[in-house]
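The listed protein sequences correspond, in order, to chains F and B. Under this note's numbering, the very last position in the first sequence is 1496; numbers go up by exactly one each time. Under this note's numbering, the very last position in the second sequence is 258; numbers go up by exactly one each time. We put the CB at the ideal spot given by N, CA and C, even for glycine. As the structure is a prediction and not an experimental result, all values here were calculated from the model. Take a look at the structure below.
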Amino acid sequence: MSRFFSILPIAVLGLLTAVGVAHAQDSTVQGVRIGLVYDPGSRPGVIVLPVDGAGGDSIRAILQRDFDYGDRINVVGAEGTGFPLAPTTGEESNYPVYAALGAVALVQATVTGGGSGLHVAVHDVARQSIARVRDFPMRGTPDGGDWRLGVHTVADEIELWITGVRGVSATRVLYISGGRVWVVDSDGFGPRPVSAAGTTMSPAWHPDGTHLAYAQFVGSGWSIMVEELSGGARPLPAPRGLNATPTFSPDGNVIVWAHGGESGTDLFATTVFTNGPARRITVGRGSDNTSPTFSPDGRRVAFTSGRSGHPEVYISDADGTNAELLTPYKFGDQSYRSDPDWSPDGRTVAFQAQLAGRFQVMTIGLRDRSIRQHTNEGSNEQPSWAPDSRHVVFTSTRSGTRQLWVLDTETGRTRQLTHSGGVRMASWSPYLGGR
Amino acid sequence: MLHRVRVLPLLLITTAAFVGACKKKEPAVTPTPEPTPAGGAGCDQRCQDSIANARRVADSIAAANAASAELARAIEAARASLTAVIYFDYDASDIRADSRGTLEAKVPVLTANPSVRLRVTGHTDSRGSDEYNLALGQRRAAAAKQYLTDRGVDPSRIEIVSLGEERPADPAENESAWARNRRAEFEIIAGGTNIQPPR
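Structural data, given as structure tokens:
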């Protein structure tokens, strides 16, 4: 404690100096990586310094949590560790103190313009200097949805500076609870309904992040609804019967969904915003074909099909031709694989497989067809990739009720995203933050 | 009195909808016995005839009541046949042998009631994929419809829908609950107010 106070005056001086330096470096060329060496095997230690100004405590807490949830940064001294409140340079340099704590970078943020902006400086501890600075605009009131998205945007940008990979905290997750579509921030904050009450299933984000689609039961059948998040919903013109599991093409122009009539369920495609004709893209010959997901180049589609007698994951060209079994089939194997989601980097497809009567989240590498099992506790289903192609949100019964959980497919680390009962069918948004 | 006796057979052959209504009106038809003590001393021929008449009326009303009750039972049986549930094997939409009789019993009722329309809703157990199960439920409803249309029922009289695993009949998670949930339900969506039993 005494050490803490002795450092304080220096720290305040240091802060002023740092801010001055930071402003002087505003001309830093964008896109130049800071000089930190990022080893994917070990997470760089980062200290988030206390943040001055309105909502500062919240900003620091959100940044720290975002870095932690990102699984690429080791947040140092998040709770209670005594460390200098600001770096100092020259004769009185305290950078070695940060280095001794295991930090390779310091994040120093200051609320500016009475809350309308956030000035951020990232220090390279080894070089004892500021590596990156930027002023971010802030919208809304502290702890509101827009404001939090602004802080997440800052966290994701800092993660990009430090690790070379943008974070995914400025994202949201759609899901189904109590028959409605809901949306929640990536850190679990602010769950709220986005569809009317009713019976809905299978929400999917439009790649622009402003629209969604879902299936809605309307008494005599199912319709695909296309909804603007800040506006109304309209049914997609589609034949009567079963209309389910919508997905958007990566360019956002085409919607593909499963339509079932009296002779099986096939995938159909139509244009999203103009009333084009619906065309059939799978020929299931009476079998069931559902849950389509596009490759990021829009050329291929993975989907669930029962054409071989039981559900398996197939891949075909986007027009339905050249269908091939993705998940390997073993003779006599009566297991069940379904609900694929193609990773945004195009390399991996996540799906669910029934093992010993329960679903588990699996991934298959498209290059070598290597399969990995990522879960084993309870039943785990309906995986959906984050924009970083590393994290997956899925439905799990491991806590006793169906909840959404987030999995880091590289480390196996999981966290619970939702806490109200009966939640399922998650869809992770594209990146929603500013750039 | 005689007038009423003649009216009665007429009542019996009026439409089935009327039968229900007649049943409620029966107290009005019941003859009030003559104040004369039945068959007692001083009952002349006219009196005896009157008693006999009253007995005939009472007997025919009892018969009508019995017929009406039988008709009501037949209507109820016809309705029960139409809405009887059928069950399926895991991940299958084939009509099971034990469901054929249930479906077969619907055919004469549908034939006797050309204005009746049905909605068949396919359901699944909770074990598969929620999304794929919507398609499986659709396939089950379609299989039930196909059976009926193969037996001559006009396809336009049957609409099909799937609720997948969204509306379990039994929310438990065990074999017997799953078996009860893998089903197709039949709902009368038109022509249900005036069901005629098959002849």
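- From A1319 (chain F) to A1216 (chain F), what distance separates their C-alpha atoms? 38 Å
- Contact set between S1396 (chain F) and chain B, taken where Cβ atoms lie within less than 9 Å: Ordered by position in chain B, no residue passes the 9 Å Cβ test against S1396 (chain F), which lies about 11 Å from the chain.
- Continuous beta strand (DSSP E) assignments of at least 3 residues falling wholly in the region 1185–1215 of chain F: 1190–1198
- Message: So that I know if they touch, is there some Cβ in chain F lying closer than 8 Å to that of S235 (chain B)?
- Response: no
- If we count the other Cβ atoms within 10 Å of its Cβ and call it buried at 16 or more, is H1480 (chain F) buried or exposed? exposed
- Apart from the five residues on each side of it in sequence, which residues of its chain come closer than 8 Å, Cβ to Cβ, to A281 (chain B)? It is not possible to answer for residue 281 (chain B), since the shown part of chain B is limited to 60 through 258.
- Query: Does the beta-carbon distance from R1193 (chain F) to W1222 (chain F) come in below 8 Å?
  - Reply: yes
- Query: What residues in the region 1315–1327 of chain F bring their beta carbon closer than 9 Å to a beta carbon of chain B?
  - Reply: Cβ proximity to chain B below 9 Å picks out A1319, G1321, G1322, E1323, S1324, G1325 and T1326 from the region 1315–1327 of chain F.
- Query: Taking the alpha-carbon positions, what's the R242 (chain B) to A200 (chain B) distance?
  - Reply: 9 Å
- Message: Suppose the cutoff is 6 Å on Cβ atoms and the five residues either side in sequence are ignored; what does the same chain contact list for A1487 (chain F) look like?
- Response: V1234, Y1236, S1445, V1454 and L1465
- Q1125 (chain F): contacting residues in chain B (beta-carbon distance under 8 Å): Per Cβ cutoff of 8 Å: no residues; Q1125 (chain F) is ~36 Å from chain B at best.
- So, H1435 (chain F) versus T1388 (chain F), is the Cβ gap smaller than 8 Å? no
- Length of the line joining the Cα atoms of D153 (chain B) and F147 (chain B): Between D153 (chain B) and F147 (chain B), the C-alpha separation is close to 7 Å.
- Kindly indicate which three-state DSSP category R1451 (chain F) falls into: helix, strand or coil? In the structure shown, the three-state DSSP call for R1451 (chain F) is coil.
- Item | Beta carbon proximity, D1349 (chain F) to chain A, threshold 8 Å | No chain A appears in the structure shown, which is made up of the protein chains F and B.
- Message: Going by C-alpha to C-alpha distance, which of B:A231, B:A113, B:G196 and B:I120 sits closest to E224 (chain B)?
- Response: Comparing Cα positions, the closest option is B:G196.
- Task: Give the DSSP-derived three-state secondary structure of N112 (chain B) in the structure shown.
- Result: helix
- Task: At 4 residues or longer, and completely inside the region 180–214 of chain B: list those alpha helix (DSSP H) runs for me, N to C.
- Result: With a minimum length of 4 residues, the continuous alpha helix (DSSP H) runs that stay inside the region 180–214 of chain B are 189–209.
- Span separating the alpha-carbon of A139 (chain B) from that of Q1421 (chain F): 42 Å
- Of all the options F:A1147, F:R1104 and F:E1218, which has the alpha carbon lying nearest to the alpha carbon of Y1492 (chain F)? F:E1218
- Task: For the region 1286–1332 of chain F, list the alpha helix (DSSP H) runs that are entirely contained and at least 4 residues long, ordered along the chain.
- Result: none
- Could you tell me the boundaries of the alpha helix (DSSP H) in which E224 (chain B) lies? Here E224 (chain B) belongs to no alpha helix (DSSP H), and DSSP marks it neither H nor E.
- Cβ neighbours of Q1477 (chain F) in the same chain (closer than 7 Å, five flanking residues each side left out): S1460, Q1464 and W1466
- Can you tell me the Cα-Cα spacing of P1101 (chain F) and V1181 (chain F), whole angstroms? Residue placement at P1101 (chain F) is poorly supported in this model, since its pLDDT is 49, which falls under 50; the coordinates are not used for a value here.
- Message: Quick check: the Cα distance between L1179 (chain F) and F1197 (chain F), rounded to an integer number of angstroms?
- Response: 5 Å
- Query: What do you reckon, is the C-beta of W237 (chain B) under 7 Å from a heavy atom of the ligand ATP?
  - Reply: Ligands displayed in this structure: none; no statement on the ligand ATP is therefore possible.
- Item | Under the three-state DSSP convention, the category Q255 (chain B) falls into | Coil.
- For the candidate residues F:V1242, F:S1119, F:D1246 and F:H1267, whose alpha-carbon lies nearest to that of T1260 (chain F)? For the residues F:V1242, F:S1119, F:D1246 and F:H1267, the minimum Cα distance to T1260 (chain F) belongs to F:V1242.
- Tell me whether the beta-carbon of I1285 (chain F) lies closer than 8 Å to the beta-carbon of P1268 (chain F). no
- Query: D1269 (chain F) lies in the alpha helix (DSSP H); which residues open and close that run?
  - Reply: From DSSP, D1269 (chain F) is part of no alpha helix (DSSP H); its letter is neither H nor E.
- Message: I'd like to know whether the C-beta atoms of S1324 (chain F) and N1350 (chain F) end up nearer to each other than 8 Å.
- Response: no
- Nearest CA to the CA of V1333 (chain F): which residue from F:V1362, F:F1355, F:L1297 and F:S1356? Relative to the Cα of V1333 (chain F), the nearest Cα in the group F:V1362, F:F1355, F:L1297 and F:S1356 belongs to F:L1297.
- Query: Would you say Q255 (chain B) faces chain F, with C-beta separation under 8 Å as the test?
  - Reply: no
- Task: Thinking D1248 (chain F) and D1127 (chain F) are a contact (beta carbons under 8 Å), I'd like their distance in whole angstroms, please.
- Result: 7 Å
- Message: Using only CA atoms, which one of B:I247, B:T252, B:D189 and B:C102 lies nearest to I217 (chain B)?
- Response: B:I247
- Flag Y191 (chain B) as yes if its beta-carbon sits less than 8 Å from any beta-carbon of chain F, otherwise no. Yes, because at least one Cβ of chain F sits closer than 8 Å to the Cβ of Y191 (chain B).
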